[in-house]
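In terms of UniProt numbering, the sequence shown has 29 at position 29, counting the first letter as 1, and numbering is strictly consecutive.
Just so it is clear, CB atoms sit at the ideal spot from N, CA and C, and this is done for glycine as well.
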Amino acid sequence: MSLLKTVDTSPAFPPRESRAMPERLIAGNPAFKTWAQDAAKGDLVHTGVWEATPGETRSIKGETFEFCHILTGVIEITPDGGEAVTYRAGDSFVMKPGFTGVWKTIETVRKIYVTVG
């Protein structure tokens, strides 16, 4: 097994498709696609590509750390009790364990993710 993993930003295999959980949906009807590409460290670390259509949901990280790099689209994230931050293609950010807030997809977004948790 190679210890070098290239993340394919336009995977040829079909994604896992899902919708927002009703209790987290704030506005719209966002659809999600996930192209999981790697798992490591006893399934604690996950890497892949994720896409969402416009809408607004509650984001709750729990015990998970997540690094995101935006490939396309525009989002706005508002931490509970904080100011809204806008991210677009080329931007990267981290949501640390315990993060809660609102994730608003303004333009369909595609991101690379790495989760640890």
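Please determine, among the options, the residue with the shortest C-alpha to C-alpha distance to residue i.
{"i": "LYS111", "options": "ARG58, MET95, GLU66 and ILE70", "result": "ILE70"}
{"i": "GLY28", "options": "GLU56, GLU63 and LYS96", "result": "GLU56"}
{"i": "THR6", "options": "VAL45, GLN37, VAL74 and THR115", "result": "GLN37"}
{"i": "VAL74", "options": "PHE13, ALA52 and ALA40", "result": "ALA52"}
{"i": "ASP8", "options": "ALA40, TRP35, GLY82 and TRP103", "result": "TRP35"}
In angstroms, rounded to a whole number, what distance separates the CA positions of residue i and residue j?
{"i": "GLY62", "j": "VAL94", "result": "14 Å"}
{"i": "THR78", "j": "PRO30", "result": "17 Å"}
{"i": "THR105", "j": "PHE67", "result": "17 Å"}
{"i": "residue 119", "j": "TRP50", "result": "Outside the displayed span of the chain (1 to 117) sits residue 119, for which this structure offers no information."}
{"i": "GLY101", "j": "PHE13", "result": "32 Å"}
{"i": "ARG88", "j": "VAL109", "result": "8 Å"}
Is it buried or exposed for residue i, if we count other Cβ within 10 angstroms and need 16 for buried?
{"i": "VAL85", "result": "exposed"}
{"i": "GLY48", "result": "buried"}
{"i": "ALA20", "result": "buried"}
Using beta-carbon positions only, say whether residue i and residue j come within less than 9 Å of one another.
{"i": "LYS33", "j": "PRO15", "result": "yes"}
| query | Can you list the alpha helix (DSSP H) stretches of 4 or more residues lying completely in the UniProt domain "(S)-ureidoglycine aminohydrolase cupin" (43-113), in chain order? | reply | none
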